[in-house]
Amino acid sequence: MSDSNSLVTKEVLGQLYKQMLLIRRFEEKAGQLYGMGLIQGFCHLYIGQEAVVTGMRNASNKEKDSIITSYRDHGHMIAAGMDPGGVMAELLGRSDGYSKGKGGSMHMFSIKNKFYGGHGIVGAQVPIGTGLAFAHKYKSDGGVCITYYGDGAANQGQVYESFNMAALWKLPVVYVIENNRYGMGTSVSRASATQELFSRGSSFGIPGEKVDGMDVLAVIEAGEKALNYAREGNGPIILGMQTYRYRGHSMSDPAQYRTREEVSKVRAERDPIDKLRDYISENNSLTSEEIKGIDTEVKEVISAAANFAQESPRPSLNELYTDVII
Amino acid sequence: MAELTYREAVADGIAQEMERDPNVVFLGEDIGKAGGVFKATVGLYDQFGPDRVRDTPISEQAILGAAMGAAMTGLKPIAEIMFSDFLAVCWDIVANQIAKSRYMTDGQVNVPLVIRTANGGGARFGAQHSQSVENWSMMIPGLKVVAPSTPRDVKGLLAAAVRDPDPVMFFEQKSLYPVKGEIPDGECIEELGKAKVVREGSDVTIVALAAMVPRAVEAAERLKTEAKISAGVIDLRSLVPLDTQTIFKEVEKTSRLITVEENPRLCGWGAEVSSIVSEELFWNLDMPIIRVTTPHIPLPSADELEDIAIPSVEKIFQTVLRSVD
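Protein chains in written order, with this note's numbering: chain A, 282 to 607; chain B, 17 to 341.
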């Protein structure tokens with residue numbers, strides 16, 4: 282674990298642990314409900330990458346900063362403070378979902394939580410996030426847009442149009458690359474001419490930093506620095522989070538492009554939740570009872586979210602024609 | 017009343033809205049210091065400054081991404097895509113992001129932006145800078161689609177588009193930029209989704225859009241003097257919403273409908289109008305609905321070729337003459 286955050290308080294460590302565990306248990310439950318046929322369509326699980334959004338959320342200004350991401354978005358929504366029940370209900374296509382079932386797994390928003398989606402097209406959120414940053418600057422509201430994208434999207438042309446515009450206009454945006462090592466079924470080494478994705482802003486004068494995205498404290502440290510840099514008017518900055526997804530690209534991907542041993546090794550050696558739990562124990566920050574208490578609380582929250590979603594009514598058929606020009 | 021050109025009406029309309037609402041920002045390639053490649057935005061940069069009138073890199077995806085992101089937070093961006101052909105470069109943002117967000121978010125997110133673009137042929141620019149692509153937008157649920165034919169409508173419909181809570185695709189016909197017309201003094205705003213009967217007629221109804229409107233009117237004038245045929249002309253002005261009621265009302269009077277569109281033949285907007293009228297008014301019709309369109313070809317550059325491709329006054333005149341017998 283990064284130890285430059287030795288000032289992180291016991292309470293914060295507990296919150297980080299709880300947040301990451303909440304995301305993991307949510308995703309495990311979503312996977313389970315998908316297997317039972319209760320969730321249909323696409324479902325991209327975030328298991329393994331929890332430290333990235335949890336750390337960035339902790340580093341951000343919750344009142345001011347906006348967030349936008351791709352379709353692997355459940356973790357981002359929970360980290361943004363959205364209600365797990367509402368997110369789960371949307372996955373199940375129910376009327377209490379964040380979009381009343383009209384968005385689904387990949388397309389959920391909460392303006393209240395400054396979460397601007399949930400975007401299904403690889404890379405499309407990058408120019409839009411740049412636009413959110415443009416609005417922060419135009420309104421001088423002190424906010425920064427945290428724009429997440431994956432290693433797959435890093436090879437999209439629109440990313441570089443956005444880099445140029447953001448650097449030219451010195452927009453307050455932190456581009457967070459969640460490099461989970463596979464763009465769908467193709468590894469970064471087989472898809473990217475250069476693998477140091479965080480350095481790809483160099484042609485535009487955008488600084489980039491490589492971060493251990495499996496270490497929540499390292500994410501917080503890098504996130505705080507990057508957010509300050511953008512907030513102070515220096516323009517965009519890139520964080521290259523080295524992370525890993527344990528599950529397939531989506532529920533329909535058996536992930537045969539990598540070995541079981543590879544996944545097991547990451548789980549055993551780098552798991553962000555295990556690592557934080559060990560760190561907390563070693564430093565006697567929380568007692569094992571306190572940790573167990575968090576585990577139980579998270580289990581209950583997720584169980585309640587799943588029940589809420591399953592009991593939520595199906596959307597009214599009238600919803601087909603609402604919120605659109607007819 | 018002031019007489020302005022169609023291109024001056026663009027700047028006039030944008031200025032009216034920027035003066036009214038500080039949330040209106042304008043971005044695009046060469047729109048500011050250069051005044052627009054068609055000189056349709058001259059003076060705005062000096063009047064409103066570089067923060068509100070932003071020259072962008074040649075990056076259509078970034079332009080529309082910036083506009084959408086800004087619109088989601090309450091700004092009212094007007095984004096220019098220099099030629100409508102270039103919409104293909106950023107169509108993902110238009111079709112998959114901008115058009116669908118209000119629906120997918122259950123109304124949490126509005127995307128109140130206007131995408132202005134120079135559309136259509138007649139300038140010998142060849143196949144990649146001359147297309148009429150308003151039908152592309154018409155096919156995407158969630159977009160409003162406007163194409164004015166007069167300076168007054170440019171200003172009034174642009175104002176309405178800026179104030180509308182939905183994304184509006186605003187197609188300016190580039191061959192109309194030099195055309196002059198009267199604009200009322202004071203605030204000018206029209207209603208979106210209303211067609212205009214620009215000429216009454218009792219024998220046949222011609223439905224047209226943008227540059228095809230003045231051609232249809234000229235053809236109607238010749239039909240009257242040369243063939244004693246009374247042809248009415250409807251300027252659709254908007255494809256979405258589509259003012260079917262005005263079309264029905266006129267066609268009920270004449271029992272004959274001809275559509276004139278600059279779109280290539282297959283799936284041009286006239287096909288949709290024809291389909292709707294066939295379903296609703298089949299028993300009122302005295303003849304099949306006829307579409308005058310550009311053929312299904314990329315537009316050629318040479319003037320002789322381009323002129324015979326795009327519906328001309330002569331072609332409209334002859335088509336009506338042959339059909340209304």
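Even for Gly, the Cβ is constructed at its ideal location relative to N, Cα and C.
Name the two residues that bound the continuous beta strand (DSSP E) containing residue i.
i	result
A/Y430	426 to 431
B/M185	184 to 189
B/T241	It is not in any beta strand (DSSP E) - B/T241 instead sits in the alpha helix (DSSP H) that spans 228 to 243.
A/Y602	First-last for A/Y602: undefined, no H or E at that position.
A/Y456	454 to 460
B/V69	69 to 71
A/V407	No beta strand (DSSP E) holds A/V407; the alpha helix (DSSP H) holding it covers 406 to 420.
A/R375	No beta strand (DSSP E) contains A/R375, which DSSP labels as neither H nor E.
Quick check on residue i: buried or exposed, where buried means 16 or more other Cβ atoms within 10 Å of its Cβ?
i	result
A/S391	buried
B/I313	exposed
A/R541	exposed
B/D341	exposed
A/Q608	In the structure as shown, chain A begins at 282 and stops at 607. Residue 608 of chain A is therefore absent and cannot be evaluated.
B/P230	buried
B/Q63	exposed
B/L411	The requested residue 411 of chain B does not occur in the structure, where chain B is confined to residues 17 to 341.
A/N339	buried
B/Y193	buried
A/T350	buried
B/F298	exposed
B/D169	buried
Is there a Cβ from chain D that is less than 8 Å from the Cβ of residue i?
i	result
A/Y419	Absent from the structure: chain D. Protein chains present are A and B.
Looking at chain A, is there any beta carbon in it that lies within less than 8 Å of the beta carbon of residue i?
i	result
B/K269	no
B/V308	no
B/P66	no
B/Y61	no
B/G123	yes
B/T89	yes
B/R118	yes
B/T72	yes
B/D182	yes
B/N112	yes
Do the CB positions of residue i and residue j come within less than 8 Å of each other?
i	j	result
A/L520	A/F485	no
B/V130	B/V184	yes
A/M387	A/A586	no
B/R118	B/V127	yes
A/V440	A/Y430	yes
A/G494	A/V293	no
A/I409	A/V455	no
B/V195	B/A177	no
B/G209	B/T270	no
B/I47	B/L174	no
B/A224	B/L337	no
A/A447	A/A416	no
Would you say residue i faces chain B, with C-beta separation under 8 Å as the test?
i	result
A/Q476	no
A/E344	no
A/Q439	yes
A/V392	Here the sequence assigns Ile to residue 392 of chain A, which means Val is not the residue at that position. With 8 Å as the cut-off, A/I392 counts as an interface residue toward chain B.
A/T411	yes
A/K506	no
A/L598	no
A/M446	yes
A/S443	yes
A/P408	yes
Within its chain, find whatever has a CB closer than 6 Å to the CB of residue i; leave out the 5 residues flanking it on each side and keep chain order.
i	result
A/L319	L373
B/C106	E76, Q77, L80
B/D101	Q144, H145, Q147
What is the residue span of the alpha helix (DSSP H) that residue i lies within?
i	result
B/D341	Unbroken run through B/D341: none, as it is neither H nor E.
A/K506	497 to 512
B/I292	285 to 297
A/N339	331 to 340
B/I263	260 to 270
B/S254	Where B/S254 is concerned, there is no enclosing alpha helix (DSSP H), although the beta strand (DSSP E) it sits in stretches over 254 to 256.
B/D323	319 to 325
To which residues of the same chain is residue i closer than 8 Å at the C-beta, ignoring the five residues directly before and after it?
i	result
A/K383	P596, E600, D604
A/K299	I575, E578, V579
B/K240	S246, A247
Can you name, in chain order, every residue of its own chain whose Cβ lies under 7 Å from the Cβ of residue i, other than the five neighbours on each side?
i	result
B/A115	I156, P157, G158, L159, P183
B/T260	I292
A/G529	P535, A536
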